[in-house]
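Reading through the structure tokens given below for one structure.
Number of protein chains: 2
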Amino acid sequence: MTATGSDPKQIRMNLFEMCCVSHITHGMWVHPENTRHRFNELKYWLELAQLLEYGTFDALFLADVIGTYDTFRGGPETALAEGMQIPNNDPIMHVPAMAAVTDRLGFAVTCSTTYEPPFSFARRMSTVDHLTSGRIGWNVVTSYLPNAARNFGYEDEVEHDNRYERADEYLEVVYKLWEGSWDDDAVLVDREHRVYTDPTKVHYINHDGRYFKVAGPHLSEPSPQRTPVIFQAGVSEAGRKFAGKHAEAIFLGGESVEQTRHFVEDIRGVARSQGRDADDVKFFPSVNIIVGRDADEVAKKVSDYERLRSVEGYLAHWDSRFDLTAYPRDTPIKTLADSRPDGERLTARFRRFQTVGEALDSIGALNRPFSVAGTPDVVADRLVEWVDTTGVDGFNVIQHLTPGTAQDVIELVIPELRRRGRFRHAYDDEGPGTTLRERLFGTGQARLKPTHPGAAFRNLADTHPS
Amino acid sequence: MTATGSDPKQIRMNLFEMCCVSHITHGMWVHPENTRHRFNELKYWLELAQLLEYGTFDALFLADVIGTYDTFRGGPETALAEGMQIPNNDPIMHVPAMAAVTDRLGFAVTCSTTYEPPFSFARRMSTVDHLTSGRIGWNVVTSYLPNAARNFGYEDEVEHDNRYERADEYLEVVYKLWEGSWDDDAVLVDREHRVYTDPTKVHYINHDGRYFKVAGPHLSEPSPQRTPVIFQAGVSEAGRKFAGKHAEAIFLGGESVEQTRHFVEDIRGVARSQGRDADDVKFFPSVNIIVGRDADEVAKKVSDYERLRSVEGYLAHWDSRFDLTAYPRDTPIKTLADSRPDGERLTARFRRFQTVGEALDSIGALNRPFSVAGTPDVVADRLVEWVDTTGVDGFNVIQHLTPGTAQDVIELVIPELRRRGRFRHAYDDEGPGTTLRERLFGTGQARLKPTHPGAAFRNLADTHPS
Numbered sequence: 001m002t003a004t005g006s007d008p009k010q011i012r013m014n015l016f017e018m019c020c021v022s023h024i025t026h027g028m029w030v031h032p033e034n035t036r037h038r039f040n041e042l043k044y045w046l047e048l049a050q051l052l053e054y055g056t057f058d059a060l061f062l063a064d065v066i067g068t069y070d071t072f073r074g075g076p077e078t079a080l081a082e083g084m085q086i087p088n089n090d091p092i093m094h095v096p097a098m099a100a101v102t103d104r105l106g107f108a109v110t111c112s113t114t115y116e117p118p119f120s121f122a123r124r125m126s127t128v129d130h131l132t133s134g135r136i137g138w139n140v141v142t143s144y145l146p147n148a149a150r151n152f153g154y155e156d157e158v159e160h161d162n163r164y165e166r167a168d169e170y171l172e173v174v175y176k177l178w179e180g181s182w183d184d185d186a187v188l189v190d191r192e193h194r195v196y197t198d199p200t201k202v203h204y205i206n207h208d209g210r211y212f213k214v215a216g217p218h219l220s221e222p223s224p225q226r227t228p229v230i231f232q233a234g235v236s237e238a239g240r241k242f243a244g245k246h247a248e249a250i251f252l253g254g255e256s257v258e259q260t261r262h263f264v265e266d267i268r269g270v271a272r273s274q275g276r277d278a279d280d281v282k283f284f285p286s287v288n289i290i291v292g293r294d295a296d297e298v299a300k301k302v303s304d305y306e307r308l309r310s311v312e313g314y315l316a317h318w319d320s321r322f323d324l325t326a327y328p329r330d331t332p333i334k335t336l337a338d339s340r341p342d343g344e345r346l347t348a349r350f351r352r353f354q355t356v357g358e359a360l361d362s363i364g365a366l367n368r369p370f371s372v373a374g375t376p377d378v379v380a381d382r383l384v385e386w387v388d389t390t391g392v393d394g395f396n397v398i399q400h401l402t403p404g405t406a407q408d409v410i411e412l413v414i415p416e417l418r419r420r421g422r423f424r425h426a427y428d429d430e431g432p433g434t435t436l437r438e439r440l441f442g443t444g445q446a447r448l449k450p451t452h453p454g455a456a457f458r459n460l461a462d463t464h465p466s
Numbered sequence: 001m002t003a004t005g006s007d008p009k010q011i012r013m014n015l016f017e018m019c020c021v022s023h024i025t026h027g028m029w030v031h032p033e034n035t036r037h038r039f040n041e042l043k044y045w046l047e048l049a050q051l052l053e054y055g056t057f058d059a060l061f062l063a064d065v066i067g068t069y070d071t072f073r074g075g076p077e078t079a080l081a082e083g084m085q086i087p088n089n090d091p092i093m094h095v096p097a098m099a100a101v102t103d104r105l106g107f108a109v110t111c112s113t114t115y116e117p118p119f120s121f122a123r124r125m126s127t128v129d130h131l132t133s134g135r136i137g138w139n140v141v142t143s144y145l146p147n148a149a150r151n152f153g154y155e156d157e158v159e160h161d162n163r164y165e166r167a168d169e170y171l172e173v174v175y176k177l178w179e180g181s182w183d184d185d186a187v188l189v190d191r192e193h194r195v196y197t198d199p200t201k202v203h204y205i206n207h208d209g210r211y212f213k214v215a216g217p218h219l220s221e222p223s224p225q226r227t228p229v230i231f232q233a234g235v236s237e238a239g240r241k242f243a244g245k246h247a248e249a250i251f252l253g254g255e256s257v258e259q260t261r262h263f264v265e266d267i268r269g270v271a272r273s274q275g276r277d278a279d280d281v282k283f284f285p286s287v288n289i290i291v292g293r294d295a296d297e298v299a300k301k302v303s304d305y306e307r308l309r310s311v312e313g314y315l316a317h318w319d320s321r322f323d324l325t326a327y328p329r330d331t332p333i334k335t336l337a338d339s340r341p342d343g344e345r346l347t348a349r350f351r352r353f354q355t356v357g358e359a360l361d362s363i364g365a366l367n368r369p370f371s372v373a374g375t376p377d378v379v380a381d382r383l384v385e386w387v388d389t390t391g392v393d394g395f396n397v398i399q400h401l402t403p404g405t406a407q408d409v410i411e412l413v414i415p416e417l418r419r420r421g422r423f424r425h426a427y428d429d430e431g432p433g434t435t436l437r438e439r440l441f442g443t444g445q446a447r448l449k450p451t452h453p454g455a456a457f458r459n460l461a462d463t464h465p466s
């Protein structure tokens, strides 16, 4: 798994964002240099996209929730006061505008399979793939907020494993639309014979499953990537099976270095068992980078962060379903998990702590896995070590300040990684391919590999609705 | 109704578009100067938006269908060959990008109340209202294509009046989210006290109706217009009632001048009966403008249009549910309508013809209502006459060539209307307001009027979910 000196793995950077004030470093929005309160402005996003393209990032990753964190202390008050993921805006609406001011930067957007009809969703993604010239990825989530369920007519959240079964069928539907409904040579644009599309090469999908019934045909003509690059972020047992089957890239978060290596190997094993190559899945753990030109600058940034971080914000976020403040500090995490129907999730979230008190004290602190504070050489050492020991392909950068964190990474860290031969100098270093899938897998790889399960739906029979 | 010389009504222009090759002037896409085959490209839309803003248009109106016209001759073949509204892309995805290259142009986007969950739709529109700084309108449709129903798990189209009942509740839900869920002074952005939102000023909506159950709170903070400008396009009995109640602007199409005057008066009457002002609804019939610098140029354009228009394309479009070619030419329209369960719609569509043969010959021809071909003075005469005799507020320009038709209107027609004092010279002529609602109703009118039914949901009680 360790890269050899002769063939060092290039490190990739993505920026972790969300269309809200307080995404994941709660409390930091009040820092005078932070511009996150501008998230409703289009220019905020255009400037950020241009900055990331200047830094030759792979992609901007946009998280999302379609509900409010309102279980902590029995209401949404903490989330609202903290700006914690509410208010928020629909991430995908920002992408074509950012594509208008960039040429190479990719975009990975979170959309849930639980609440949006697959037919209109499939057209939405195809539209964005056209408008971005093939630079879109889809972070497949199944949603988990109880409030989200109640915004869509359900009494409470959909049961976890059932959500993955439904998601599996949802993917089948959209693969049929994206990969199977239009043949590669369907669109003729033949002015002389006045034929735009050859009707014999467009197909109904006539999907009739357990959860969905969709006739087709797909409305958009084939886009550069057809299926957007499939991202995934879950590491539950069901989530890893799903990821090994479908995902082309995986965002990890909160796991230890050791756990990360385990998940990378586990999911690559699932991929192989599905007939895919281990290398068909890229991994990006989220990383906290605090970098300064010297020790004083680093100390100042760490101090700002520690001073401003809002434990309340983290509690409302991380403890959305587990209000740890309701239990005695010396309660063992294991005891608590055993006593709750959602114990598996609680364990997954807090597995590295013994007691409720330890878990509470750690929330939002910098001593998390994949956190580093230091001068550029220290940070570069750590990033290289993490890549070489865990098998990940790069990182998903958590922002303390926008755009300050990305500026720091671009001005201080990436030049150091370039000196070490571990980061591209320009997108063209890897060839002329401009789609997101080519960014990840190489020029010429704009489409799903033939071994990906979505490719199985490429040759649909020409059927009319029954 | 006729404007007086001292106070002539300013004429407004909108451009009628759709994210597809052949929207409504079927066959014209093959014209060598037409660029509609570029509709998948972001640059096509950016250039068009910039052109319209240069011409001081009110808005770009984007039509949409979420299915395929596949009833004509029993299949989708004609629609596909003609590029007739398939392939098509999701219109709203284009808007923020166009907003990035314009400052004043409005956008009216078609979205159906039948197939998208209201909660995520409401956030999508709020997001776009933020990103466009308040330049978004929503053309409310209930969808009618049988294939669209089958793309969303239904066996066939939802029954017409029932669709409007459902639409009425859908609007109630989104009004609650847009107007009632967040108080005007909810967002504090108070860095000193570390409070982004005052939690006491954000409300669940707890909607529990016949068709929808939605908890809230709304996810986006208040946007410049909150509720997008409500557009409507139906003229059935149920459609007009709906329009008089909800619509702030109405697109008309295909009706005679006499019928148009009747609909304008009828819908304004409904508005008054709902406690609104007659002037709270603006009317824009679609208009065919063929303009040239001299008679030869006009004749050449008319000849091109007549030569290229595809009767097949029009048949597949207009006759989606009425394949008139299946009946003898001398069949009276009335007899045919009486024999069909959808006779009311057939009558509405073809009321100005006696027989099937007459209706067939007229399809796509230029001798339709609100069609004019001539030099700029001839065109201006007609436009002014239509406005002054029917009470409409301007037009929705149908394109024969993109961008040729809009260029012609901007270069030849608008200057003539300006000379007559009937068209703005600059957006600022009407004041500094930049939102779409202010464009229509004046600076300071960014929000729904208090008499609009959506305004009734402004003061929701602060309720937690039961």
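Same order as they appear, the protein sequences are chains A and B.
The first sequence maps to residues 1 to 466 in my numbering.
The second sequence maps to residues 1 to 466 in my numbering.
Think of the CB as a built atom: it goes at the ideal place given N, C-alpha and C, for glycine as much as any other residue.
Assign residue i to buried or exposed, taking buried as 16 or more other Cβ atoms, counted over all protein chains shown, within 10 Å of its Cβ.
i        : result
Gln354/A : exposed
Lys300/A : exposed
Pro87/A  : buried
His193/B : exposed
Gly421/A : exposed
Thr325/B : exposed
Val189/A : exposed
His317/B : buried
Less than 8 Å separating the beta-carbons of residue i and residue j?
i        : j        : result
Gln274/A : Gly239/A : no
Gln407/B : Thr25/B  : no
Leu252/A : Ser286/A : yes
Arg439/A : Gly106/A : yes
Ile11/A  : Gly442/A : no
Leu62/A  : Val109/A : yes
Phe370/A : Glu179/A : no
Val235/B : Thr389/B : no
CB-CB under 6 Å to residue i, same chain, minus the five flanking residues each way: which ones, in chain order?
i        : result
Ile333/B : Phe350, Phe353
Short of 7 Å in beta carbon distance, which residues of its chain neighbour residue i, apart from the five on each side in sequence? Order them along the chain.
i        : result
Thr4/B   : Residue placement at Thr4/B is poorly supported in this model, since its pLDDT is 47, which falls under 50; the coordinates are not used for a value here.
Ala99/B  : Leu131, Thr132, Arg135
Val413/A : Ile289, Val291, Pro376, Val379, Ala380
His37/B  : Val21, Trp29
Gly364/B : His26, Arg309, Val311, Tyr314
Could you check whether the Cβ of residue i sits closer than 8 Å to any Cβ belonging to chain A?
i        : result
Asn40/B  : yes
Leu46/B  : yes
Ile86/B  : yes
Val21/B  : yes
Gly442/B : no
Leu105/B : no
I want to see whether chain B comes within less than 8 Å of residue i, judged by CB atoms only; does it?
i        : result
Leu448/A : no
Tyr115/A : yes
Asp168/A : no
Pro228/A : no
Asp266/A : no
Report all residues from its chain with a CB closer than 8 Å to the CB of residue i; omit the five preceding and five following residues, and keep chain order.
i        : result
Pro450/B : none
### chain B contacts from the stretch 185–212 of chain A (Cβ-Cβ distance under 7 Å)
Val189, Arg191, Arg194, Val195, Tyr196, Thr197, Pro199, Val202, Phe212
### Query
What are the residues of the stretch 57–78 of chain B that lie near chain A, defined by any Cβ-Cβ distance shorter than 7 Å?
Listed by position along the chain: Ile66, Thr68, Gly75, Pro76, Glu77.
### Task
Note down, in chain order, all residues in the stretch 132–156 of chain B with a beta-carbon under 7 Å from any beta-carbon belonging to chain A.
Per Cβ criterion, the list reads Asn147, Arg150, Asn151, Phe152, Gly153.
### Residues of the stretch 26–39 of chain A with Cβ closer than 8 Å to any Cβ of chain B, in chain order
Residues passing the 8 Å Cβ filter: Gly27, Trp29, Val30, Pro32, His37.
### Task
Identify each residue in the stretch 117–132 of chain A for which the Cβ-Cβ distance to at least one residue of chain B is less than 8 Å, and report them in chain order.
For chain B, the residues of the stretch 117–132 of chain A that bring a beta carbon within less than 8 Å of one of its beta carbons are Pro117, Phe119, Ser120, Arg123, Arg124, Ser126, Thr127, Val128, His130, Leu131, Thr132, in chain order.
### Query
Using a beta-carbon distance cut-off of less than 9 Å, what residues from the stretch 89–102 of chain A approach chain B?
Asn89, Asp90, Pro91, Ile92, Met93, His94, Val95, Pro96, Ala97, Met98, Ala99, Ala100, Val101
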